[in-house]
Amino acid sequence: MSELIISDDIVEKDNAVRKADLERDYASLGERLDRRGIAIDAIRDKVEKFAVAIPSWGVGTGGTRFARFPGAGEPRDIFDKIEDCAVIQQLTQATPTVSLHIPWDKADPNRLKQAASRFGLGFDAMNSNTFSDAKDQKLSYKFGSLSHADAATRRQAVEHNLECIEIGRTLGSKALTVWIGDGSNFPGQVNFAGAFERYLDAMKEIYAGLPNDWKLFTEHKMYEPAFYSTVVQDWGTNYMIAQELGDKAFCLVDLGHHAPNVNIEMIVSRLIQFKKLGGFHFNDSKYGDDDLDAGSIDPYRLFLVFNELVDAELSGAKGFDPAHMLDQSHNVTDPIESLMLSAVEVLRAYAQALLVDRKALAGYQDANDALMATQTLKVAYRTDVEPILAMARLNTGGAIDPVAAYRAAGYRAKVAAERPAVASGGGGIV
Ligand SMILES: [Mn+2]
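In the working numbering, the protein residues as written are 610 to 1039.
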């Protein structure tokens, strides 16, 4: 039995107050879905099995390049972060794994494994960091890492990625995510083809060190920290990388890493079709890579992404097994609350997408009935699936209302007393 951080009594007491209403709401929704030929329990079963990983860097308060305003009781190290992740998993039952960032989370791997297994947590993809300089690092990444003009700097960046794989092997991770900040701030600063060539050569060395049962995820990003050009700037380049490297290489889609109004769901479809969709970093954005909470700005876009994922899942697309991770920066909220609600938003989009009448949709598409085709999506999107999500949590031992249970437990005040304020921590925005 895994250790619980929030007392069982508190969760049960909060659930008891809400249970009767939830059962009525679930029955009512079940009746309405039944009229549409949908069995509510089958949807709930799928939701119960869906998981999204928590990024270790997400439980600390984030910031901008202007300032960072620390929150109370912030995690001081990876072991505190694991405890915060355990709270999120306990209350949502949707986040059983943690994604580590090295060197921010560097510690004895066996100790890390032990700390996570205390709470029944596992490890998701390992993330390397060659976009900032670690303490005592020999060569700087100021002018790039895997694409750096200097061979010794590239070598150092390759070695770091190989080290991340080694740590991940002990932890039971099965994937390495590589995101680099390499690029340029001025026209003429770098030779586009030369930098990309050097990047590919370096990535081939990392790929060669990948265990057979691992996946390599590369993450594209249009701009930032480099503001004129980025070496891995878009999904086309990302696809070329995955093609160039081999069968274990896949593209990771971070929802914030595109130009405004880009049709991300279509990118997702293309990557699925050509078997190169590795997974997601879920978040939301208004203007750029804002790293806002998933579903907080454009929940319809999140639904449309899941519409593509469910379409692939139901049609049995070969090799379709994307990883789901959150990647957000919580600057003004309690990170635990934001991450719990963001995980729920991801599940909501999944549940809504499961409600799409795909047979009817295909019929409208074939008949060129644009109006009814788009209405078919809207009918699913407009359905309030909250009773399904809440019932899934209740069934699996979570909280009907995770934020209410979390606040009732007084966790933040408790850790604020135990964890003295830190000057700064890894507030990664990648
Ligand atoms: Mn990301």
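Just so it is clear, CB atoms sit at the ideal spot from N, CA and C, and this is done for glycine as well.
The alpha-carbon separation between alanine 982 and valine 965 amounts to approximately 10 angstroms. Contact between valine 661 and alanine 725 is absent: CB atoms are separated by about 16 angstroms, not below the 8 angstroms threshold.
For methionine 981, the uninterrupted alpha helix (DSSP H) run begins and ends at 979–991, by DSSP. Closest in alpha carbon position to alanine 804, among Val841, Asp634, Leu918, is Val841.
Under the criterion of beta carbons closer than 8 angstroms, alanine 1018 and isoleucine 615 qualify as touching, at roughly 4 angstroms.
When DSSP assignments are scanned along the segment 768–848, the uninterrupted stretches of beta strand (DSSP E) that are 3 or more residues long and fall wholly within it turn out to be 784–787, 824–828.
Selection Asp791, Asp689, Leu880, Ser894 evaluated against leucine 755 yields Asp791 as nearest (Cα-Cα). The Cβ neighbour count for aspartate 689, taken over all protein chains shown within 10 Å, is at least 16; the residue is labelled buried. Between the C-alpha atoms of glutamine 984 and threonine 992 there is a straight-line separation of about 12 angstroms.
Per DSSP, the continuous alpha helix (DSSP H) segment holding asparagine 916 begins and ends at 908–923. The three-state reading of DSSP puts isoleucine 997 in helix, counting H, G and I together. Straight across, the Cα-Cα distance linking glycine 672 with asparagine 892 is about 15 angstroms.
Secondary structure of proline 718 (DSSP, three-state): helix. Excluding five sequence positions before and after tyrosine 990, the CB atoms of its chain that fall closer than 8 angstroms to its own CB belong to Tyr909, Phe912, Gln961, given in chain order. Inter-residue distance for asparagine 1004 and lysine 658 is about 11 angstroms (C-alpha atoms, whole angstroms). In summary, asparagine 719 is exposed, with fewer than 16 beta-carbon neighbours lying within 10 Å of its beta-carbon over all protein chains present. Counting only the Cα atoms, leucine 700 lies some 11 angstroms from asparagine 624. Residue Gln765 holds the alpha-carbon nearest to the alpha-carbon of aspartate 745 among Gln765, Asp759, Lys824.
Closer than 7 angstroms to some heavy atom of ligand 1: that describes the Cβ of aspartate 863. A Cβ-Cβ distance of about 6 angstroms is found for the pair glutamine 698 and leucine 730, placing them in contact under the 8 angstroms criterion. An exposed status is given to tyrosine 837, since fewer than 16 other beta-carbon atoms sit within 10 Å of its beta-carbon. Histidine 866 places its beta carbon less than 8 angstroms from that of histidine 829.
Rounded to whole angstroms, the separation of the alpha carbons of alanine 976 and aspartate 733 is 43 angstroms.
When DSSP states are grouped into helix, strand and coil, phenylalanine 688 belongs to the helix group. A heavy atom of ligand 1 is found nearer than 7 angstroms to the CB of tryptophan 788.
In the DSSP assignment, asparagine 736 falls outside any alpha helix (DSSP H) and lies within the beta strand (DSSP E) extending over 731–737. Inter-segment contact for the segment 793–809 and the segment 840–856 is present: three or more beta-carbon pairs are separated by less than 8 angstroms. Sequence-distant Cβ neighbours of alanine 695 in its own chain, meaning closer than 7 angstroms and more than five residues away, are Ile614, Phe728, Leu730. Take valine 799, set aside five residues on each side of it, and the residues of its chain with a beta-carbon closer than 6 angstroms to its own are Ser793, in chain order.
Leucine 963 is not bridged by DSSP to any residue. Shown here, serine 708 sits in a strand according to DSSP, grouped into three states. DSSP places proline 1029 in the coil class of the three-state scheme, outside both helix and strand. Separation of alanine 958 and valine 941 (C-alpha to C-alpha, rounded to the nearest whole angstrom) is 24 angstroms.
With fewer than 16 other Cβ atoms from the protein chains shown falling within 10 Å of its own Cβ, proline 869 counts as exposed.
At the C-beta level, isoleucine 1009 and alanine 999 come within 8 angstroms of one another. Checking the 7 angstroms criterion, the Cβ of aspartate 714 is out of range of every heavy atom belonging to ligand 1.
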